[in-house]
Amino acid sequence: MSLFGTGALGRVVRSGVGRRRVQSAVIAVATMMAVASAVVAGALVVASNAPFDHAFAEQHGAHLTAQFDPAGVSTAQLESTGRLDGVTASAGPYPSTTVSPVDPGGGHLPRLSLVGRSGPHGAVDDLDVTSGRWAARPGEVVLSASFSGPALGIGSALRVSDAADSPTLTVVGFAVSAGESADAWATPEQVRTLAAADGPATVQMLYRFASAGTAGQIAADRRALAAAVPSGSLLGTTSYLDTKRAADRGAAPTIPFLTAFGVLGIVMSVIIVSSVISGAVGTSLRRIGILKAIGFTPGEVVRAYVAQALIPAGAGIALGVVLGNLLALPLLEDTGRAYGGASLTVAWWVDVLVPAVALLVVGIAALVPALRAGRLRTVEAIAVGRAPRTGRGQWAHRAAGRLPLPRPVTYGLAAPFAHPVRAAAMLLAVAFGTVAATFAVGLTSSLNAVGGASDPEERAAVTAVSGGPTVNGVPEPGAPAAGGAVEHRTPGPGGSSPRPPSADPAKVRAAIEAQPGTASYYGMSHADVTVAGISGPVRATLYQGDSRPGGYEMISGHWLTGAGQVVVPTHLLETTGTRIGDTIRVTLGRDSESLRIVGEAFDTSNDGLSVHAELADFAAAEPQVFQIEVKPGVSPAGYARQLAAVVQPLGADVMANSPSPKENMILLLDAIAALLTLMLVCVAGLGVLNSVVLDTRERVHDLGVCKALGMSPRQTLALVLSSVAGIGVLGGLVGVPVGTALHGFVLPVMGRAADTRLPPSVLDVYDAPRLVLLGLAGVLIAVLGALLPSGWAARARTATALRTE
Amino acid sequence: MTHVIELSGAAKRYGSAGAPALGPLDLGVAQGEALAVIGPSGSGKSTLLNLVAGLDRPTEGTVTVAGQRIDRLSEHALARFRREQIGMVFQFFNLLDDLTVADNIQLPAQLTGTARRRAAARAGELMEVLGITRHARAYPGRLSGGERQRVAVARALVNRPALLLADEPTGALDTASGHDVRQLLVDLHRGGQTLVLVTHDLALAEACASRTIQLVDGRLAVDTRAETVR
Ligand SMILES: Nc1ncnc2c1ncn2[C@@H]1O[C@H](COP(=O)(O)OP(=O)(O)OP(=O)(O)O)[C@@H](O)[C@H]1O
Ligand SMILES: [Mg+2]
Numbered sequence: 052m053s054l055f056g057t058g059a060l061g062r063v064v065r066s067g068v069g070r071r072r073v074q075s076a077v078i079a080v081a082t083m084m085a086v087a088s089a090v091v092a093g094a095l096v097v098a099s100n101a102p103f104d105h106a107f108a109e110q111h112g113a114h115l116t117a118q119f120d121p122a123g124v125s126t127a128q129l130e131s132t133g134r135l136d137g138v139t140a141s142a143g144p145y146p147s148t149t150v151s152p153v154d155p156g157g158g159h160l161p162r163l164s165l166v167g168r169s170g171p172h173g174a175v176d177d178l179d180v181t182s183g184r185w186a187a188r189p190g191e192v193v194l195s196a197s198f199s200g201p202a203l204g205i206g207s208a209l210r211v212s213d214a215a216d217s218p219t220l221t222v223v224g225f226a227v228s229a230g231e232s233a234d235a236w237a238t239p240e241q242v243r244t245l246a247a248a249d250g251p252a253t254v255q256m257l258y259r260f261a262s263a264g265t266a267g268q269i270a271a272d273r274r275a276l277a278a279a280v281p282s283g284s285l286l287g288t289t290s291y292l293d294t295k296r297a298a299d300r301g302a303a304p305t306i307p308f309l310t311a312f313g314v315l316g317i318v319m320s321v322i323i324v325s326s327v328i329s330g331a332v333g334t335s336l337r338r339i340g341i342l343k344a345i346g347f348t349p350g351e352v353v354r355a356y357v358a359q360a361l362i363p364a365g366a367g368i369a370l371g372v373v374l375g376n377l378l379a380l381p382l383l384e385d386t387g388r389a390y391g392g393a394s395l396t397v398a399w400w401v402d403v404l405v406p407a408v409a410l411l412v413v414g415i416a417a418l419v420p421a422l423r424a425g426r427l428r429t430v431e432a433i434a435v436g437r438a439p440r441t442g443r444g445q446w447a448h449r450a451a452g453r454l455p456l457p458r459p460v461t462y463g464l465a466a467p468f469a470h471p472v473r474a475a476a477m478l479l480a481v482a483f484g485t486v487a488a489t490f491a492v493g494l495t496s497s498l499n500a501v502g503g504a505s506d507p508e509e510r511a512a513v514t515a516v517s518g519g520p521t522v523n524g525v526p527e528p529g530a531p532a533a534g535g536a537v538e539h540r541t542p543g544p545g546g547s548s549p550r551p552p553s554a555d556p557a558k559v560r561a562a563i564e565a566q567p568g569t570a571s572y573y574g575m576s577h578a579d580v581t582v583a584g585i586s587g588p589v590r591a592t593l594y595q596g597d598s599r600p601g602g603y604e605m606i607s608g609h610w611l612t613g614a615g616q617v618v619v620p621t622h623l624l625e626t627t628g629t630r631i632g633d634t635i636r637v638t639l640g641r642d643s644e645s646l647r648i649v650g651e652a653f654d655t656s657n658d659g660l661s662v663h664a665e666l667a668d669f670a671a672a673e674p675q676v677f678q679i680e681v682k683p684g685v686s687p688a689g690y691a692r693q694l695a696a697v698v699q700p701l702g703a704d705v706m707a708n709s710p711s712p713k714e715n716m717i718l719l720l721d722a723i724a725a726l727l728t729l730m731l732v733c734v735a736g737l738g739v740l741n742s743v744v745l746d747t748r749e750r751v752h753d754l755g756v757c758k759a760l761g762m763s764p765r766q767t768l769a770l771v772l773s774s775v776a777g778i779g780v781l782g783g784l785v786g787v788p789v790g791t792a793l794h795g796f797v798l799p800v801m802g803r804a805a806d807t808r809l810p811p812s813v814l815d816v817y818d819a820p821r822l823v824l825l826g827l828a829g830v831l832i833a834v835l836g837a838l839l840p841s842g843w844a845a846r847a848r849t850a851t852a853l854r855t856e
Numbered sequence: 004m005t006h007v008i009e010l011s012g013a014a015k016r017y018g019s020a021g022a023p024a025l026g027p028l029d030l031g032v033a034q035g036e037a038l039a040v041i042g043p044s045g046s047g048k049s050t051l052l053n054l055v056a057g058l059d060r061p062t063e064g065t066v067t068v069a070g071q072r073i074d075r076l077s078e079h080a081l082a083r084f085r086r087e088q089i090g091m092v093f094q095f096f097n098l099l100d101d102l103t104v105a106d107n108i109q110l111p112a113q114l115t116g117t118a119r120r121r122a123a124a125r126a127g128e129l130m131e132v133l134g135i136t137r138h139a140r141a142y143p144g145r146l147s148g149g150e151r152q153r154v155a156v157a158r159a160l161v162n163r164p165a166l167l168l169a170d171e172p173t174g175a176l177d178t179a180s181g182h183d184v185r186q187l188l189v190d191l192h193r194g195g196q197t198l199v200l201v202t203h204d205l206a207l208a209e210a211c212a213s214r215t216i217q218l219v220d221g222r223l224a225v226d227t228r229a230e231t232v233r
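Here it is, written out as structure tokens:
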């Protein structure tokens with residue numbers, strides 16, 4: 052500020068900043084918080100915009116991940132596929148296999164695709180090692196970062212299988228592949244050894260193509276590839292489009308949420324910063340008059356006052372950018388992990404744009420009243436504050452005076468009406484703070500309800516597996532784990548075999564039936580079916596027995612009550628253009644049934660394309676698992692052990708289920724909501740603090756008079772507090788409905804992004820007591836902001852106060 | 004005769020160094036007395052008034068008003084003391100601009116918890132006596148200086164204080180309004196109101212005071228009662 056550093060103007064600016072220390076501090080802190088929350092919100096909004104595309108482009112992700120049979124094609128042939136027309140880059144061949152490892156706690160990981168690569172880098176699928184290092188020698192493994200968590204970290208030892216003589220791999224690092232080319236990586240020799248001993252031996256090739264924008268282009272690329280190798284040797288391919296679709300679907304619901312918070316934060320920052328600054332300049336009119344009386348030009352006055360606001364605001368902005376980045380980093384890291392990408396950083400232009408806009412807002416907010424002050428005739432300016440005010444707010448005093456409340460309270464209640472603009476700014480601050488709190492509380496409850504409503508079958512205390520290729524969320528071999536969360540399962544004693552169990556379901560059911568401690572159970576089977584009107588397979592979950600404990604949250608209609616019924620998610624209704632009461636044709640194998648839709652379930656698994664029906668409708672289907680509830684007082688682990696002793700000889704397996712941890716995304720959104728709310732409420736409180744500081748300063752004389760007349764400190768406190776309590780109540784009354792409306796608007800948008808409507812348990816999260824509490828949040832914000840200045844007012848020395856005019 | 008005000012060795016020092024702005028001073032003011040305090044600017048008149056009103060504390064000595072050692076009272080008790088025992092009138096009126104005349108006058112009564120109706124009745128009575136009834140619903144900003152000072156006097160008297168303190172009550176008024184206020188104070192004194200009046204106006208002091216003291220550099224230079232006694 053060398054421009055103002057010397058001469059009379061500099062002296063005026065410095066004393067203006069220094070004398071009004073509280074004012075300057077409030078300006079600095081308010082802009083700091085406002086800028087910090089804008090940086091956090093902005094960074095998150097930017098990060099949530101097409102996270103998959105960004106990460107995929109950065110890593111040169113594989114458009115097509117192909118598995119070949121090493122017995123059918125030579126390495127040289129595979130290498131030559133990289134020179135095919137349309138292939139712009141390729142990597143491989145890498146040896147690959149699948150393993151079903153067991154973690155140090157004895158928990159089973161899902162079946163993992165393991166690829167042998169000597170390093171993370173390549174022309175295609177250039178991996179990010181997010182922690183640790185790459186596997187350098189046999190016995191080491193690098194896991195996909197989505198597995199990192201409390202149960203699994205660097206140094207953890209994974210047994211490759213349940214078998215007693217199974218080799219052990221030590222986790223030495225975590226890496227991210229945006230295209231999800233594999234779940235785990237080891238050295239090529241290690242993978243070849245494991246494949247030879249146990250698993251299927253395949254070879255992975257990664258390709259990028261010149262044209263890969265659509266599913267059709269990818270299919271053409273695949274055909275060209277298949278034609279270039281001996282027939283039958285291309286075992287399978289994964290298109291990045293599928294991975295992208297799943298990733299985008301995962302990220303999509305967060306975008307409306309982050310946008311809502313971002314917009315709230317930015318609007319509020321602008322309101323607070325402009326009201327703080329313009330208030331500060333507006334109350335110094337008298338000083339401005341004196342400056343002009345002693346010969347300052349209007350231009351100098353304007354510059355002096357803009358500078359007086361810019362110095363503390365500039366400091367606040369600088370600190371706010373730093374604070375915002377510090378707060379955003381851990382959140383972004385988590386966001387990156389939840390999106391399955393590498394850890395993100397605050398986009399550089401957010402760090403430039405936010406402070407630039409903040410400076411602009413501060414400048415304009417200071418300039419408007421400063422220009423007014425510059426234009427003000429000197430005599431008027433000097434008269435401001437000295438001449439008695441007339442008219443403004445007197446009606447309010449008349450009205451408040453009639454209320455049956457102590458006089459200091461009624462006097463305080465009417466006080467804000469003397470400054471309608473300032474009162475409105477304060478009201479906006481309180482209302483926005485309340486909106487943020489209301490929205491965040493509602494959102495957190497909704498997210499928790501979503502978490503509680505997902506995967507109801509996992510709520511069973513004990514699961515008995517009788518057979519079948521897929522069980523309870525464990526993906527089929529070869530398919531990369533989509534969610535990536537480690538399944539926390541405790542297997543029954545004696546160790547289960549690495550091969551899928553296969554037992555006679557009827558015998559298993561009889562054993563469960565006979566087992567003391569069984570409270571209820573139902574059989575369940577997953578199968579791919581076709582549904583008329585939908586191309587491609589649809590995931591069917593078929594139930595036997597009383598499936599209500601595993602029933603999904605219903606959006607409308609009801610859960611299965613008998614044969615011939617089907618419950619489907621929103622997306623399936625929309626895709627097939629059906630409604631509850633219609634019938635759809637479901638085909639399993641050769642068995643084709645017309646089922647009546649009885650309910651719309653909140654089920655987002657399998658992209659919302661799934662059906663739930665009775666097993667009895669499909670003659671060929673048999674239960675693969677039994678979900679068991681135990682009687683009160685029975686330990687699930689003990690029950691599982693006893694049942695296992697009976698059914699393991701039959702070829703079945705039993706596990707007690709530990710409560711599944713909350714999903715990453717939900718935890719993350721909870722954390723973001725809490726942080727942003729806290730910041731917004733702080734900013735709102737600072738806005739109130741500023742208004743009350745200005746007000747109290749202006750009213751010091753009146754308060755002095757009141758104290759001279761015998762108003763006690765407590766009565767003074769009551770006066771100042773009640774002058775904001777009215778605004779707090781009003782802010783609460785405005786903020787709560789707006790907050791609930793915002794929640795009611797944003798959640799269905801989030802749902803639509805995930806192709807689902809939402810059940811009442813997710814939407815209706817506000818009850819009367821909670822609404823009242825949230826309404827009080829407005830009062831709380833107002834009172835917190837007013838507490839400090841009202842304390843000063845109560846303590847201020849009366850004789851001194853009476854001197855100031 | 005009992006003293007309503009009793010200062011003994013009372014002194015007020017602003018800042019640690021230098022001579023005190025007031026005192027040390029011994030002074031007693033009797034019930035029903037009208038004391039005028041005169042002296043050059045900066046001689047400590049307002050300081051004395053502030054000590055008696057409990058707006059400030061002495062740095063030495065004691066101040067007893069209406070039987071209470073007010074130099075030892077808490078802030079809360081001081082506020083109670085002020086609203087029950089003291090009425091104050093200032094040079095620049097110090098009316099609250101956003102309250103009507105009637106509300107201004109009632110305010111101290113309401114601070115003591117007097118019911119609105121009784122406070123209003125008392126205010127009406129005073130406005131009648133002081134001839135400002137027709138301004139009851141007006142705001143102070145529209146009144147003339149003399150009228151405003153009448154409102155201030157009415158407000159000072161609403162709780163029937165033991166002591167009425169006035170700091171330059173005519174200082175901001177023209178001759179005619181000043182004369183009005185002087186007559187008002189004379190009447191109050193005749194009615195038995197104990198009065199302490201700070202003024203530069205010797206005519207005012209002569210007209211309404213039964214006793215006059217003069218301060219010079221915070222010290223008692225002249226006391227008319229002491230002279231007559233002596
Ligand atoms: N709050 C204060 N801080 C420091 N000094 C003060 C303060 N109040 C008064 N003084 C000093 O104390 C002395 C007495 O002041 P006081 O206001 O009592 O004088 P006064 O007799 O009322 O003068 P005037 O006739 O001009 O009103 C003065 O020198 C003044 O500068
Ligand atoms: Mg004085």
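Note that the protein sequences, when read in sequence, are chains U and C.
Numbers given in this note's numbering equal positions in the first sequence, counted from 1, plus 51.
Numbers given in this note's numbering equal positions in the second sequence, counted from 1, plus 3.
Beta carbons are placed, not taken as given, at the ideal position from N, Cα and C, and that holds for glycine.
These numbers come from a predicted model, not from an experiment.
Within-8 angstroms CB hit, Leu-187/C to chain A: This model lacks chain A altogether; the protein chains it does include are U and C.
Three-pair Cβ contact test at 8 angstroms for the region 147-164 of chain C versus the region 80-100 of chain C: yes
Backbone secondary structure at Asp-106/C - three-state DSSP: Asp-106/C: helix per DSSP, three-state reduction.
Contact residues within the region 746-780 of chain U, judged by C-beta distance below 9 angstroms to chain C: His-752, Asp-753, Gly-755, Val-756, Cys-757, Lys-758, Ala-759, Leu-760, Gly-761, Met-762, Ser-763, Pro-764, Arg-765, Gln-766, Thr-767
Chain U contact for Arg-83/C (CB, 8 angstroms cutoff): yes
Burial state of Gln-113/C (16 or more Cβ within 10 Å): With 16 or more Cβ atoms within 10 Å of its Cβ, Gln-113/C is classed as buried.
Neighbouring residues, chain U, relative to Pro-172/C (Cβ below 7 angstroms): Chain U residues near Pro-172/C: none, gap ~14 angstroms exceeds 7 angstroms.
Status (buried if at least 16 other CB within 10 Å, exposed otherwise) for Trp-399/U: Exposed is the call here.
Residue from Val-150/U, Thr-139/U, Asn-657/U, Gly-502/U with nearest C-alpha to Leu-718/U: For Leu-718/U, the nearest C-alpha among the options comes from Gly-502/U.
Best match in Thr-728/U, Arg-821/U, Phe-490/U, Ala-360/U for proximity to Val-50/U [C-alpha to C-alpha]: Limits of chain U in this structure are 52 at one end and 856 at the other, which puts residue 50/U out of reach.
Any 3 or more C-beta pairs closer than 8 angstroms across the region 169-187 of chain U and the region 232-249 of chain U: yes
For Asp-402/U, three-class secondary structure by DSSP: helix
Residues bridged to Trp-236/U (per DSSP): Val-166/U, Val-193/U
Three-state secondary structure (DSSP) of Met-762/U: coil
Assumed close pair Glu-651/U, Ile-631/U - CB separation to whole angstroms, cut-off 8 angstroms: Indeed, because the Cβ distance is near 6 angstroms, the residues count as touching under 8 angstroms.
Completely contained beta strand (DSSP E) runs for the region 641-693 of chain U, where each covers 3 or more residues: DSSP runs (the beta strand (DSSP E)) wholly in the region 641-693 of chain U: 642-652, 661-665, 676-681.
Chain U within 8 angstroms of Met-91/C, Cβ atoms only: yes
Proximity test, Cβ basis, 8 angstroms: Pro-23/C and chain U: no
Option nearest Gln-118/U by Cα separation, candidates Phe-107/U, His-105/U, Ala-233/U: Comparing Cα-Cα distances from Gln-118/U to each of Phe-107/U, His-105/U, Ala-233/U, the minimum goes to Ala-233/U.
Inter-residue spacing [alpha-carbon to alpha-carbon] between His-198/U and Ser-284/U: Correcting the residue type first, residue 198/U is Phe in the shown sequence and not His. One Cα belongs to Phe-198/U, the other to Ser-284/U, and the distance between them is close to 31 angstroms.
Which listed residue (Ser-282/U, Thr-148/U, Leu-115/U) has its alpha carbon closest to that of Gly-267/U: Leu-115/U
Whole-number beta carbon distance between Ala-210/C and Val-189/C, since they are thought to touch under 8 angstroms: 6 angstroms
Straight-line gap, Gly-425/U to Ala-79/U (C-alpha atoms, nearest Å): 24 angstroms
Buried or exposed (CB count within 10 angstroms, at least 16 for buried), Glu-527/U: Unreliable placement is indicated for Glu-527/U, whose pLDDT of 37 sits below 50; no coordinate value is reported for it.
C-beta contact flag for Leu-740/U and Gly-802/U at 8 angstroms: no
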